[in-house]
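Residue numbers are given in this note's numbering: position 149 of the sequence shown equals residue 163, and the series is strictly consecutive.
In this text, a Cβ means the ideal position worked out from N, Cα and C, and glycines have one as well.
Owing to the predicted nature of the structure, the values given are computational and were not obtained by experimental measurement.
To start, the structure under review is shown below, and the notes come after it.
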Amino acid sequence: VKNITSYGVFIDLGGVDGLIHITDLSWGRINHPEEIVELDQKIKVVILDFDDNKKRIALGLKQLTPHPWDALDETMNIGDKVKGRVVVIADYGAFIEIAPGVEGLIHVSEMSWSQHLRTAQDFLKVGDEIEAVVLTLDREERKMSLGMKQLIPDPWENIKDRYPANSKHTATVRNFTNFGIFVELEEGVDGLIHISDLSWSKKIKHPAEFTKVGESIDVVVLDVDEENRRLSLGHKQLEENPWDVFESIFTVGSVHQGTIISANDKGAIVSLPYGVEGFVPNRHLKKEDGSNGKVEETIDFKVIEFSKDNKKIILSHSRIHEDLAFVQRSAEKETKGSEAKSTKRAVKIINENLERTTLGD
């Protein structure tokens with residue numbers, strides 16, 4: 015050995031130099047040639063290539079021994095457990111050396127039953143000694159894929175026994191979409207709470223208004239989809255449907271005090287008792303003095319429409335004073351009518367008395 019560099023070893027062949035590239039020193043992975051040889055060491059080599067024009071000789075050391083894949087246990091098969099050391103790690107997976115020169119790849123998706131996107135660094139580091147299961151084995155291509163999660167039971171086995179319909183559990187919020195919240199009940203068991211199953215009474219525009227990533231949330235199992243490995247969950251089902259009660263409280267024609275919490279060109283949202291909200295069309299916001307109700311103003315509203323199925327309460331403020339004015343007008347008419355009838359009766363009685371007096375005379 016004449017000289018050692020980071021990329022290989024120069025060998026004095028007796029007046030002629032040759033190079034053993036670092037990849038030809040060992041069948042296994044090495045970080046530096048000094049792990050294999052040292053200066054002035056006498057070694058046997060194999061001539062791999064000879065360039066007469068450039069006076070270069072390519073040498074090999076690992077070629078003195080059979081390729082490790084050729085010496086791999088012939089009985090090894092898919093499903094067998096193997097032990098090895100993590101030699102290279104990347105975001106997509108880790109390479110495990112089960113014997114010098116024999117490596118297998120554990121893809122990050124085979125490290126955990128969880129479906130959440132992660133990197134291999136979340137599970138392993140270089141130098142770790144681990145056990146894995148052989149998933150694929152191609153001796154001709156000298157490739158092998160391994161798995162770690164297969165060492166533990168699949169959490170979706172007997173899933174309906176552990177998460178039957180209507181059972182209650184606590185989950186962790188993982189992420190949001192416009193249509194719901196994805197939660198994790200345990201490693202590898204995810205579920206979706208649809209936005210419509212978050213609350214009986216609150217109008218939620220986006221699930222992020224309801225909770226935060228990382229928080230715990232109580233859920234009820236609504237349905238189990240074993241094929242797609244997904245649970246349909248609900249949160250509002252932990253409580254009885256309050257709209258059954260609202261139906262008897264917010265009857266059409268009943269009047270309730272409410273606070274206007276928002277408004278747009280179509281109407282206003284009103285906060286009513288018991289945490290429920292109602293909608294007031296613009297034409298029904300007009301007050302008795304001609305002005306419209308404003309945001310944060312608390313006034314009375316009359317229920318003009320109620321739908322339990324659609325969870326909708328339509329309100330009107332103007333209907334209150336309009337109905338009152340109608341009642342007053344009706345009362346006035348009735349009073350005038352009564353007075354007229356009384357006058358007619360009095361005149362009739364007087365006339366009858368006059369007639370009787372005349373006949374008597």
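Asked, Found
"Going by DSSP, which residues form a beta bridge with A159?", "The sequence given here has Ser at residue 159, not Ala. DSSP lists L119 and T150 as partners of S159."
"What whole-angstrom Cβ distance do P47 and P82 have, given they're in contact under 8 Å?", "The pair is not a contact, with the Cβ atoms about 19 Å apart (cut-off 8 Å)."
"If you run the structure through DSSP and keep just helix, strand and coil, what is Q55?", "coil"
"Hey, E201 and W127 are a contact pair by Cβ (cut 8 Å); roughly how many whole angstroms apart?", "6 Å"
"Evaluate Y177 with the Cβ neighbour count: other Cβ atoms within 10 Å of its Cβ, from every protein chain shown; 16 or more gives buried, anything less gives exposed.", "buried"
"Give the DSSP-derived three-state secondary structure of T371 in the structure shown.", "For T371, the predicted structure reports a pLDDT of 46, less than 50, and the residue's modelled location is therefore unreliable. A value from the coordinates is still provided. Of the three classes helix, strand and coil, the one that applies to T371 here is helix, per DSSP."
"With V294 as the anchor, note down where its beta strand (DSSP E) starts and where it stops.", "E291 to P295"
"Hey, out of G141, A146 and F109, whose CA is closest to V96's CA?", "A146"
"With burial defined as no fewer than 16 other Cβ atoms inside 10 Å of the residue's Cβ, what is the status of T371: buried or exposed?", "With a pLDDT of 46 at T371, under the threshold of 50, the modelled position of that residue is not reliable, and the figure given next carries that caveat. Result: exposed."
"Using 8 Å as the Cβ pair cut-off and three pairs as the minimum, do the stretch 180-193 and the stretch 228-246 touch?", "yes"
"Determine the burial state of E117: buried for a count of at least 16 other Cβ atoms within 10 Å of its Cβ, exposed for fewer.", "buried"
"Is L75 helix, strand or coil when you go by DSSP?", "coil"
"What span of residues does the beta strand (DSSP E) with I173 cover, start to end?", "From DSSP, I173 is part of no beta strand (DSSP E) but of the alpha helix (DSSP H) over I173 to R176."
"Please tell me whether D87 and V148 are closer than 8 Å, where the distance is taken between their beta carbons.", "no"
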